Amino acid sequence: MPSSSLLLSVATLAISTLVSPSSASSVFRRAGASYQLVESWQGESFFDYFDFFTETDPTHGFVTYLDQSSAESSGLVNVTSSGSVYLGVDHTTVLQDNGPGRNSVRISSKKYYEQGLFIADIQHMPGSICGVWPALWTVGKDWPQDGELDIIEGVNQQQVDEIVAHTGGECTLTNTGMTGQVTASDCSLQGGTSGCTANAGPGSYGNSFNENQGGVYAIEWTSDFIKIWIFPRSSIPESITSGNPDVSTFGTPVFRLEDSCKVSEQFLSQQFIIDTTFCGDWAGGVFLNSGCPLSNPNDATQSCVNYVASNPSAFTEAYWEINYIKVYQNTTGQASSSVAVPSSSSVVPASESTPAPVATSSVPGDPPSGSTLPSPADTPGATVPSATTELVVLTTTICPESLATSTTLVGGSSVAPIALSVVESPSPESPAPEISTPNAPGPAPTSPGFSAASPLSSTLAISPSPSVTPVIPSGASPAPSSFVPVESSYLAPPASSTVSGSSYLPPGASSAFPLATGAANKASFGMPGVIGAVAIALLV
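Residue numbers for the sequence shown, in mature numbering (1 follows the signal peptide of the UniProt record, and there is no 0): -24 to -1, 1 to 516.
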């Protein structure tokens, strides 16, 4: 017979869960995420996911960005015999310092992404070369309000990656829970245009990264946090190489933005950009202090331009070689999908009908990605379950063959109904809706019942027209750390650098636990059932 103290402990736990449902909700968030591959950018199909940017460089670099056809014919882009993708620069032509800049490429993803796990296997990045400024970064459509994340970035002879975040509102980066060292903590525009910055450590950028045969960058973005890991080639987790990434085995991230930043509000749909520019606001601005050749001691930027124009052979190593970039979606209840549109048929037992979004892709052949039903608290006119509503878990499955969506309900409500959407499979009598992708710039629209700040928002991935680029206000460009102050700790290369081994944490809680859904993400239980069970147990 169980002891009375044990029964009282169980009763106390049950009652405390009812009193503090937010605590129960956090248990589900900590349970871990299970990710499913939805896109793989690699090989011959890599460039199907990107547009080539050909406008004037917003960072004022000494560069000419080529279109895809010109870049291919010039040998600046190609797919290697091993299947990796090469993105290079012109390294044979001597230029006039007052003429067009050196040929290069800048590519932007055709879609915008919101939350998920993104893994980039990079064999080689542009080396630590005077005048070079490469970056792999993301930016929202409305800069800086939608946020910017500079994942890989550096200039001149730098050997260490500077990971930078830019936000429109209040957001602070701290050293808590990460191995990188914070060199600037204020991410907001109010704190300046340089953003919040973390030193990623030895072996994370340029020559030091390439000497280790490259490695993997992993970015996990949820409604609560953004984390980044960097793994040298010899330390890539087995779950990544096997194609089934398990973030619980990744160890402590090098970058973590969470505690002092409302990520769901500061980072909305993001476009991926990969580029290599020369000189410009940052590389040119710190050229005098970077150990690079000076032709004009009174003008750092002009010295940079002179060097880049007259030394083409210096840039043979200024190239990206990318094995793949993979996009994974969280399948435990919080989806990261592309453009979502409402279905043509839905049945909703609530005061107002809310269609379930069906995710589609703007690139032919993309695997379909899932979407999560909105919380009824965010749905206009929907009935919000009371505090005694039982936990309801919704599982949405998309069939690749037909894009049909089925919804499974587990559990139920003892008091108030929860809004559910049941989507029928397309048929000749009831065909699937036609998808249209808006081209107008501005904030990406949300599906009915969704809030851009909600942790249950679907991913907003809008394919812009090739001519549509983020609005660039004068003096504040949406570009990778365009305005890093001169006192940056990376003006000159370090004396030496070594690669420290990665440490791994044991696997965390099982990812089998579903994310709690319902009004305001609160998990609650039937009060009468709990009280009755406790009373019977105490009598026994």
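Virtual Cβ for every residue (Gly too), placed ideally from N, Cα, C.
Since we're looking at a predicted model, the values are computed, not measured.
Here's a check: name, in chain order, each residue in its chain whose Cβ is nearer than 8 Å to the Cβ of residue i, leaving out the five neighbours to either side.
i: His67; result: Pro288, Ser289, Ala290, Phe291, Thr292, Ala294
i: Pro273; result: Leu264, Ser279
i: Val55; result: Gly19, Glu20, Phe22, Val61, Tyr62
i: Thr104; result: The sequence shown places Ser at residue 104, rather than the Thr named in the question. Answer for Ser104: Gly130, Asn132, Gln133, Gln134, Gln135, Tyr181, Gly182, Asn183, Ser184, Pro469, listed in chain order.
i: Ile202; result: Leu125, Ala141, Ile195, Glu196, Phe231, Arg232, Leu233, Glu234, Val239, Phe243
i: Pro213; result: Phe207, Pro221, Asp222, Thr225, Phe226, Tyr480
i: Ala236; result: Correcting the residue identity first, residue 236 is Ser in this sequence and not Ala. Within the same chain, Ser236 has close Cβ partners Cys147, Thr148, Leu149, Thr150.
Suppose contacts are defined by Cβ-Cβ distances below 7 Å. Is residue i in contact with residue j by that definition?
i: Gln91; j: Trp197; result: yes
i: Leu52; j: Val14; result: no
i: residue 558; j: Asp43; result: Nothing can be reported for residue 558, as the shown portion of the chain is limited to -24 through 516.
i: Val136; j: Tyr181; result: yes
i: Val140; j: Thr173; result: yes
i: Ile95; j: Ala194; result: yes
i: Gly190; j: His100; result: yes
i: Cys255; j: Gly37; result: yes
i: Leu93; j: Tyr41; result: no
i: Ile127; j: Leu112; result: yes
i: Glu297; j: Tyr62; result: yes
i: His142; j: Gly107; result: no
i: Ser164; j: Glu138; result: no
Return the chain-ordered list of same chain residues with a C-beta closer than 6 Å to the C-beta of residue i, the five sequence neighbours on each side being excluded.
i: Ser271; result: Ser279, Asn282
i: Asp97; result: Val192, Asn299, Tyr300
i: Pro110; result: Pro102, Thr252
i: Ser84; result: Asp27, Phe29, Gln247, Ile249
i: Asn151; result: Val158
i: Pro269; result: Tyr283
i: Ser161; result: Thr148, Leu149, Cys172
i: Pro47; result: Checking the sequence, you will find Ala at residue 47 rather than Pro. These residues qualify, in order along the chain: Val53, Val81.
i: Thr307; result: Ser10, Gln12
i: Gly59; result: Gly19
Where DSSP assigns a beta bridge to residue i, which residues make up the other side?
i: Asp257; result: According to DSSP, Asp257 bridges with nothing at all.
i: Gly191; result: Ile98, Pro208
i: Lys302; result: Ser16, Ile95
i: Ile139; result: Ala174
i: Ile250; result: Ile83, Leu112
i: Trp296; result: Leu63
i: Lys203; result: Glu196, Arg232
i: Val284; result: Partner(s): none; Val284 has no beta bridge.
i: Asp27; result: Ser84
i: Ile128; result: Leu112
i: Asp162; result: Thr148
i: Tyr11; result: Asn306
i: Cys237; result: Cys147
i: Gln157; result: Asn175
By Cβ distance below 7 Å, which residues in the same chain neighbour residue i in space, the five residues on each side in sequence not counted?
i: Leu71; result: Arg78, Ala285
i: Ser16; result: Tyr300, Lys302
i: Ser215; result: Pro221, Asp222, Thr225
i: Gly167; result: none
i: Val39; result: Asp33, Gly77, Arg78, Ser80, Thr253, Phe254
i: Asp73; result: Val281, Asn282, Ala285
Requested in this report: Kindly provide the ranges of any beta strand (DSSP E) runs that are 3 or more residues long and lie completely inside the stretch 30 to 115, ordered along the chain.
Outcome: 39 to 41, 53 to 55, 61 to 63, 78 to 80, 82 to 85, 92 to 100, 108 to 115
Report task. Tell me, please, whether the stretch 243 to 262 touches the stretch 115 to 122 by the rule of three or more beta-carbon pairs shorter than 8 Å. Result -> yes
Query raised in the report: Taking one C-beta from the stretch 219 to 230 and one from the stretch 154 to 168 each time, how about it: are there three or more such pairs within less than 8 Å?
Result: yes
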